[in-house]
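Chemist: In terms of the working numbering, the sequence shown opens at residue 177 and continues consecutively.
C-beta: ideal position from N, C-alpha, C; glycine also.
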Amino acid sequence: MLLKLQYASDLHLEFPANKEFLKQHPLQPVADVLVLAGDIVPFAEMNKHRDFFSYVADHFETTYWLPGNHEYYYFDIAEKSGVLNEKIRSNVCLVNNTTVVNGKAKFIFSTLWSKISPGHQWQIERSLNDFHLIKHKGFRFSAEQYNQLHEESLTFIQNEFKTVNDEKVAVFTHHCPTFLNYPVQYKGDVLNEAFAVELHDLIEPSGTACWVYGHHHNNTSEFSIGNTQIITNQLGYVQQNEHRLFETNKYLEI
């Protein structure tokens, strides 16, 4: 029997236009399990969005919320990173570098911070809000710490792939796991290293059924690496009309 998994990312509830859009067009429950693949709401503002978490708790049997980068804005990342499996509601879990087994399906969750090369470090740190709005142990978040988080994410996913038996595997990350079919308008942009990392050689032989990602606010059409479907469903910034291809009822079967 196939399991239905509903998925969405980049809801950015901290922006009034996004919050209003989701009030007018709430997520339509078409599956028992909902995965929110990052940039849902900053941890610092969670109390302002209790209505959203109550809604998903009431309408889905289980919701898994994977943090993106924006969750850590105005927050100290050292307080809530690494391995996470924390209940926000009785049936809503904040997850990172964590695996959940559901029957014959295995869900692998990781923010998958990307990797910043030394040659682009200065420009990315200067240009990206991550390095101005996130703290690490009270100090400025740096590219070195960002890359350390990348290594932790990647090692976690690699280790989980080694333990797969006959389960169907679905991977959920916030950052994009490949530059294949990457939005053309960003071609050559130095900041791309903070949005995606090339994992083609990890994905192709893995036998993973699907990999859901978010982060770059473009709902790129579904494509495959080997037998793995690479899929996304991002709301993006409503104010900038990035929401046009977002679906409130998008799901996959595994």
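Report all residues from its chain with a CB closer than 8 Å to the CB of GLU255; omit the five preceding and five following residues, and keep chain order.
Modeler: Here residue 255 is taken as the residue at index 79 of the sequence shown, counted from 1. For GLU255, where only same-chain residues beyond five positions count, there are no Cβ hits under 8 Å.
Chemist: How would you call GLU262, buried or exposed, if buried means at least 16 neighbouring beta carbons within 10 angstroms?
Modeler: Position 86 of the sequence shown, counted from the first residue, corresponds to residue 262. Exposed is the call here.
Chemist: Touching or not, the segment 307–324 and the segment 371–391, by the rule of three or more beta carbon pairs under 8 Å?
Modeler: Too few Cβ pairs lie closer than 8 Å, so no.
Chemist: My assumption, with CB atoms under 8 Å, is that ALA213 sits in contact with PHE348. Please give the rounded CB distance.
Modeler: One-based indexing of the sequence shown puts residue 213 at position 37. One-based indexing of the sequence shown puts residue 348 at position 172. Sure, about 5 Å apart at Cβ, within 8 Å.
Chemist: Taking contact to mean at least 3 C-beta pairs separated by less than 8 Å, is the segment 349–357 in contact with the segment 292–301?
Modeler: No, the segment 349–357 is not in contact with the segment 292–301.
Chemist: For ASP234, which residues in the same chain have their Cβ closer than 6 Å to its Cβ, ignoring the five residues on either side in sequence?
Modeler: Within the sequence shown, numbered from 1, the residue matching residue 234 stands at position 58. Hits under 6 Å: none found.
Chemist: Just grab the DSSP bridge partners of VAL277 for me.
Modeler: Position 101 of the sequence shown, counted from the start, is the residue given in the question as residue 277. Answer is LYS282, bridged to VAL277.
Chemist: First and last residue of the beta strand (DSSP E) that includes SER400?
Modeler: The residue labelled residue 400 in the question sits at position 224 within the sequence shown. First-last of the beta strand (DSSP E) with SER400: 399–401.
Chemist: Which whole-angstrom value is the C-beta distance of GLN410 and HIS393, which I expect to be below 8 Å?
Modeler: Indexing the sequence shown from 1 puts residue 410 at position 234. Indexing the sequence shown from 1 puts residue 393 at position 217. The Cβ separation is near 6 Å, so the contact holds.
Chemist: List the whole-angstrom C-beta distance separating GLY244 from GLY390, where the pair is believed to meet the contact cut-off of C-beta under 8 Å.
Modeler: Within the sequence shown, residue 244 is the residue found at index 68, counting from 1. Within the sequence shown, residue 390 is the residue found at index 214, counting from 1. About 7 Å separates the two Cβ atoms, so the contact holds.
Chemist: In whole angstroms, give me the CA-to-CA distance for LEU325 and LEU288.
Modeler: In the sequence shown, counting from the first residue as 1, residue 325 sits at position 149. In the sequence shown, counting from the first residue as 1, residue 288 sits at position 112. Distance between the alpha carbons of LEU325 and LEU288: 8 Å.
Chemist: Residues in the same chain with beta-carbon distance under 6 Å from ILE406, minus the five sequence neighbours each way, listed in chain order, please.
Modeler: Position 230 of the sequence shown holds residue 406. Cβ within range, chain order: TRP387 and PHE399.
Chemist: According to DSSP, simplified to helix, strand and coil, what is THR349?
Modeler: Here residue 349 corresponds to residue number 173 of the sequence shown, with the count starting at 1. THR349: strand per DSSP, three-state reduction.
Chemist: Give the secondary structure of ASP377 by DSSP, where H, G and I count as helix, E and B as strand, and everything else as coil.
Modeler: For the purposes of this step, residue 377 is taken as the residue at position 201 of the sequence shown. The answer is helix: DSSP assigns ASP377 an H, G or I state.
Chemist: Leaving out the 5 sequence neighbours to the left and right, which residues in its chain are closer than 6 Å to ASN335 when beta-carbon positions are compared?
Modeler: By one-based count along the sequence shown, residue 335 stands at place 159. Nothing listed; no residue qualifies.
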